[in-house]
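Working notes, beginning with the structure itself.
Residue numbers (my numbering): 11 to 302.
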């Protein structure tokens, strides 16, 4: 049973896309991209005809869309396919219009505007934003594109942070500023750029200057304690997504990021669309870790 109506979910997604596109272009252009894309998709998903975007009424908070009540009776999996296609096509439209470099943080920004609850609900509809982001990054890597390098170290090359990724409990995104908090709600840091959060903190705590995306498949990232615990759980027994999130005391968003990192490190691999398993490299890591 879905926690949210189809109309509510697609409205949230459209508003998030509008905000992300509008931050890089004119709001009127953002509306044009969304309206044109939905019209194109209507040829494949005819139920999108129940949705009308009004290009004569919008503000910085969102756009005006009218949705026929029949839209809520559509099978959620079909709506999921349509939303997945909408996100992918809007991303391509944006990169073709503005440039490939906007693609690195597109999904990250969309997720921030959606919030954890809606991101989790998208999973129920079959939409995996982490997978979409991974595909986008792979595409950009093959083209030799990477974000502008930045230095996060002090003049002596030492790490100035007083926290690690494991101590970050949640984050809040507002107007291109990201605030990091610990379990007690204390503000840990304020990030002025919308970098991918985990890669940012991992790079600093390991005193590395090179960005993860610039070198595919390396050992630049250190496996954290939580990630080791997950690998150990998977080695001992079959465990599903919900149980792992509960046992590790993580949000779904943070858990998804962890899975994607372990996939990049080749310690996990997909055996089906929604299922992963330990690789030989993952088993070897556990074996070596026990000897320490």
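Glycine is no exception: its CB is placed at the ideal position from the N, C-alpha and C atoms. All values derive from a computational prediction rather than experimental measurement.
Pick out whichever of 121, 125, 146 and 232 has its Cα sitting closest to the Cα of residue 174.
Considering only alpha carbons, the answer is 232.
I'd like to know whether the C-beta atoms of residue 97 and residue 61 end up nearer to each other than 8 Å.
No, Cβ-Cβ distance for residue 97 and residue 61 is not below 8 Å.
What does DSSP give as the partner residue(s) for residue 282 in the beta ladder?
According to DSSP, residue 282 bridges with 285.
May I ask you to verify whether the stretch 16 to 32 touches the stretch 74 to 91, counting CB pairs closer than 8 Å and requiring at least 3?
Judged by Cβ distances under 8 Å, the stretch 16 to 32 makes contact with the stretch 74 to 91, as three or more pairs qualify.
Look at residue 100 and residue 36 and say whether their C-beta atoms are less than 8 Å apart.
No.
Which value, in whole angstroms, describes the spacing of the CA atoms of residue 288 and residue 239?
Residue 288 and residue 239 have their alpha carbons spaced roughly 13 Å apart.
Which partner residues does residue 75 have in the DSSP bridge list?
Paired residue(s): 63.
Status (buried if at least 16 other CB within 10 Å, exposed otherwise) for residue 280:
Exposed: under 16 other Cβ atoms inside 10 Å.
Reference residue 89, options 125, 143 and 132, closest by Cα
Residue 132 is the option with its Cα nearest to residue 89.
Pairing CB atoms from the stretch 49 to 60 with CB atoms from the stretch 124 to 142, are three or more of them under 8 Å?
Fewer than three beta-carbon pairs drawn from the stretch 49 to 60 and the stretch 124 to 142 are found closer than 8 Å, and the two stretches are therefore not classed as touching.
Assess contact between the stretch 139 to 147 and the stretch 40 to 56, defined as three or more Cβ pairs (one per stretch) separated by less than 8 Å. Is contact present?
Taking 8 Å as the limit for Cβ pairs, the verdict is that the stretch 40 to 56 does not touch the stretch 139 to 147.
With H, G and I counted as helix, E and B as strand and the rest as coil, what does DSSP make of residue 35?
If DSSP states are grouped into helix, strand and coil, residue 35 belongs with coil.
Complete runs of the beta strand (DSSP E) confined to the stretch 83 to 141 [at least 3 residues]:
Runs found: none.
Whole-angstrom C-beta distance between residue 268 and residue 236, which should lie under 8 Å
Distance from residue 236 to residue 268 at the Cβ level is roughly 7 Å; contact confirmed, criterion being Cβ atoms closer than 8 Å.
Three-state class that DSSP yields for residue 297 in the structure shown:
The answer is helix: DSSP assigns residue 297 an H, G or I state.
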